[in-house]
Every structure is written in structure tokens, then in C-alpha cells.
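Peer 1: Take a look at the following structure, please.
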Amino acid sequence: MIPAASVFVLVLVALGVLIVALGVKVVPQGFEFTVERFGRYIRTLSPGLHLIVPVVDRVGRKLNMMEQVLDVPSQEIITRDNAMVTVDGVVFYQVLDAARAAYEVAQLQLAILNLTMTNIRTVMGGMDLDELLSQRDRINEKLLIVVDEATQPWGVKVTRIEIKDIAPPRDLVDAMARQMKAERDKRAAVLEAEGLRQAQVLKAEGQKQAQILAAEGRREAAFRDAEARERQAEAEGKAVSMVSEAIAKGEAMAVNYFVAQRYVEALEKVAAAPNQKLVMMPLEAAGVIGAVAGIAEIARDALGPAAAPARRPGSVPPAGE
Numbered sequence: 077m078i079p080a081a082s083v084f085v086l087v088l089v090a091l092g093v094l095i096v097a098l099g100v101k102v103v104p105q106g107f108e109f110t111v112e113r114f115g116r117y118i119r120t121l122s123p124g125l126h127l128i129v130p131v132v133d134r135v136g137r138k139l140n141m142m143e144q145v146l147d148v149p150s151q152e153i154i155t156r157d158n159a160m161v162t163v164d165g166v167v168f169y170q171v172l173d174a175a176r177a178a179y180e181v182a183q184l185q186l187a188i189l190n191l192t193m194t195n196i197r198t199v200m201g202g203m204d205l206d207e208l209l210s211q212r213d214r215i216n217e218k219l220l221i222v223v224d225e226a227t228q229p230w231g232v233k234v235t236r237i238e239i240k241d242i243a244p245p246r247d248l249v250d251a252m253a254r255q256m257k258a259e260r261d262k263r264a265a266v267l268e269a270e271g272l273r274q275a276q277v278l279k280a281e282g283q284k285q286a287q288i289l290a291a292e293g294r295r296e297a298a299f300r301d302a303e304a305r306e307r308q309a310e311a312e313g314k315a316v317s318m319v320s321e322a323i324a325k326g327e328a329m330a331v332n333y334f335v336a337q338r339y340v341e342a343l344e345k346v347a348a349a350p351n352q353k354l355v356m357m358p359l360e361a362a363g364v365i366g367a368v369a370g371i372a373e374i375a376r377d378a379l380g381p382a383a384a385p386a387r388r389p390g391s392v393p394p395a396g397e
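Structure, rendered in C-alpha cells:
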């Protein structure tokens, strides 16, 4: 039979172990516990090992201090231009003050969710449909400012609010698709017309430049032709002047050269004529030389004895002398 003293000691030991177990609290990383004494908040336990007064103190709330995310359910919103759209999103928040988050608001996540949904209707309801679809960053920024300011008394920091999806009605989507197609067709037609106009302008510029270059070429060719004719005329003038001087001096060879040149030019013109003719002319070289010689004799008779060339000794006199 166990003595009564031993039983009493065992009871005391067991009671001490129970008291120590009730007084030791381990807080995991990323969490904070609030301590209440007789139902009143007295302090906050950070991550680690802590001791509290058993029976008198107790852990009130266990709060997650890490960043958390809430899904915002879909809701219908009427825009400023009376278009109804379905919108959903997400909210990221973090508890900064465990005591205020525990005792300043009941059901913290539900409060943040309702506050976000209400402000989504307020912000997006004051915008047109085109603004909703094209300015999501602006919407997110406005919602973040409003909701974060409203949750500050709760010891919560709202880090991000993102609109996930904006779904207009089906008939409105079809109308927008038709409008977009019409706008793109219009831009394509404008670009095509602009391209044709640019091509015509470039073609006209090219033709203008070609005509200018052709005119400059013709002018240069005419200038060079005139210069060539001028030089030819000068050369012919000099030749005629020299022949005239030679005739005046009584040189029959100059007359022979001049007459032979004109005779050959006349033969070239007759041969180049397009009409068909039968011309009886001395075309052989001997005939040409004979004709030139005959003309020279006529010139010698006209000039007199002074124009007769000195005959070499032993040469045969021409016929008729």
C-alpha cells in the first residue's frame, strides 16, 4: 500500500508538469499569437519559445503574418455607358499588426473581400466600356489606393489588386468585333489609297525628271550639232577662201581639187536618193578622173596661159593641142 505522502508528492509533480506545459508556448515562423489575461489583450508573441502565466493568461488569436491572396468572385457591373460586364479579380494582402487585425475587425478576410468588391463596382461603374478594356493598370491602381487606405486601421497592408477578367455580353462582343473589322478595313483602304497616291507621285516625278534629262540631252546635242556645223562652216569657209586665193593666183590644182570635191559630193547625193532612176554617168575611177581633167582644162582655158602647168620634158601633150 502506497503511503499518503508519496501520493501527495506525485500529485504535486504532475500538477507542476501540467502548469509548465500550459505556460510554455512555441510560435512557428510566419505567425504571431496574441496573449489575453482574463480576456484582455496584453501582448503579442513573436516566432519562437515563450512562457506565459498558466490559467491566468491564454493565447487569444493565431494570425498568419505572411502575404496572402484572396479570390474576388465574379460580379456584374454596369458601366457609365450602360454596358453590363462580368468582372473578377484577386487581392494580395499582409497583416502588419497582429493585435489590430485580431481585435479591430471581425472576420478579416471577409471584410477585405467585401470592401474590394464594393470598390470595384464604384471605380469601374464610373468608367466607359472602352476605358475598362484598355486601362486595367489605371483601374488596379485606383482600387489599390482606395482599399489599402480603408484597411489601414485593421493593421493590414494591401499590396496588390489585379482584375483578372472583364467579360462583356456576347452581343456586345460581336458588335465590337464588327466595329474593329470595319475600322481595320478602313485603315487598309486608306493605306492602299495612300500607297497608290505615293506611287503616282513618284511615277510623275520620275517622268518629269526623265523629260528634264531628255530636254537637257537634246539641248546639249543641239548645242554640239550647232557647234559642229559652225566648225564645218568655218572649215568650208577657210577652204573656199583658200581656193579663191589660189584661183586668183592662177593655181589650176586648187580648181581641180575644188571641182573634184563637189563632183564626188553630187555623186553621193544621187546614189543616196530613194527614188529609182537610170543615170548615165562615168562611175569608174578613170571616168571620174577624166571628167575632172576635162573640167580642169576648161578652167585652164578660162585662166589663160598663166594657169597652164609646166609640162615635164618628154611628156605627151593632151588631145587637141
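Residue numbering for the sequence shown is 77 to 397, as defined by our numbering. Using N, Cα and C, we set each Cβ at its ideal position, and we do this for glycine too. Source: prediction; values computed, not measured.
Is the stretch 252-259 in contact with the stretch 225-233, if contact means three or more CB pairs nearer than 8 Å?
Peer 2: Verdict: no, contact absent.
Peer 1: Is the beta carbon of F168 closer than 8 Å to that of V145?
Peer 2: Their beta carbons are under 8 Å apart, which means V145 touches F168 by this criterion.
Peer 1: Start and end of the beta strand (DSSP E) containing A243?
Peer 2: That run of the beta strand (DSSP E) goes V232 to A243.
Peer 1: Tell whether a beta-carbon distance below 8 Å holds between I221 and G165.
Peer 2: Not a contact, by the Cβ cut-off of 8 Å.
Peer 1: Restricting to runs no shorter than 3 residues, where is the beta strand (DSSP E) found entirely within the stretch 95-135?
Peer 2: List check, beta strand (DSSP E) in window: 100-103, 107-113, 116-121 and 124-127.
Peer 1: What does Y169 pair with, by DSSP beta-bridge criteria?
Peer 2: DSSP output for Y169 lists Q144 and V234 as bridge partner(s).
Peer 1: Judging by CA-CA distance, which residue of V131, A81, M141 and L189 is the nearest neighbour of P149?
Peer 2: Answer by Cα proximity: L189.
Peer 1: On the premise that V132 lies in contact with R113, defined as a C-beta separation below 8 Å, what is that separation, rounded to the nearest angstrom?
Peer 2: Their Cβ separation, rounded to whole angstroms, is 6 Å, which keeps R113 and V132 in contact under 8 Å.
Peer 1: Taking the alpha carbon of G99 as the point to measure from, which residue in L184, Q105 and L91 has its own alpha carbon closest?
Peer 2: If we check each option's Cα against that of G99, L91 comes out closest.
Peer 1: Given 8 Å as the limit, is there contact between the stretch 170-182 and the stretch 102-119, that is, 3 or more CB pairs closer than that?
Peer 2: Judged by Cβ distances under 8 Å, the stretch 170-182 makes contact with the stretch 102-119, as three or more pairs qualify.
Peer 1: Work out the CA separation of I95 and I196 for me, nearest whole Å.
Peer 2: Whole-angstrom Cα-Cα distance: 51 Å.
Peer 1: According to DSSP, simplified to helix, strand and coil, what is Q183?
Peer 2: It is coil, neither helix nor strand.
Peer 1: Please classify V87: is it buried, with 16 or more other beta-carbons within 10 angstroms of its beta-carbon, or exposed?
Peer 2: Exposed is the call here.
Peer 1: With respect to the alpha helix (DSSP H) encompassing R214, which residues constitute its N-terminal and C-terminal limits?
Peer 2: Unbroken alpha helix (DSSP H) run through R214: R212 to T227.
Peer 1: Look at the alpha carbon of L359 and the alpha carbon of R305, and state the distance between them as a whole number of angstroms.
Peer 2: With a pLDDT of only 49 at L359, under the threshold of 50, the placement of this residue in the model should not be trusted; the figure read from the coordinates follows. Using only the alpha carbons, I get a separation of about 30 Å.
Peer 1: Throw me the rounded Cβ distance for the L127 and V102 pair, which I believe falls under 8 Å.
Peer 2: L127 to V102, Cβ: 11 Å. No contact.
Peer 1: In whole angstroms, what separates the C-alpha of Q287 from that of V266?
Peer 2: The straight-line gap from Cα to Cα measures roughly 31 Å.
Peer 1: From the DSSP output, read off the bridge partner residues of Q160.
Peer 2: Before going on, a small fix: residue 160 reads as Met here, not Gln. Per DSSP, I154.
Peer 1: Please classify L139: is it buried, with 16 or more other beta-carbons within 10 angstroms of its beta-carbon, or exposed?
Peer 2: Flag for L139 reads buried.
Peer 1: Excluding the five sequence neighbours on either side, which residues of its own chain have a C-beta within less than 7 Å of the C-beta of G293, listed in chain order?
Peer 2: Hits under 7 Å: none found.
Peer 1: Can you tell me whether G136 is buried or exposed? The criterion is at least 16 other CB atoms within 10 Å of its CB, across all chains shown.
Peer 2: When all chains shown are included, G136 counts as buried.
Peer 1: Going by alpha carbons, who is nearest to A97 out of M318, G313, Q105 and P130?
Peer 2: Here the closest residue by C-alpha is P130.
Peer 1: Bridge partners for L139 per DSSP, in chain order?
Peer 2: Looking at the DSSP assignment, L139 forms a beta bridge with E108.
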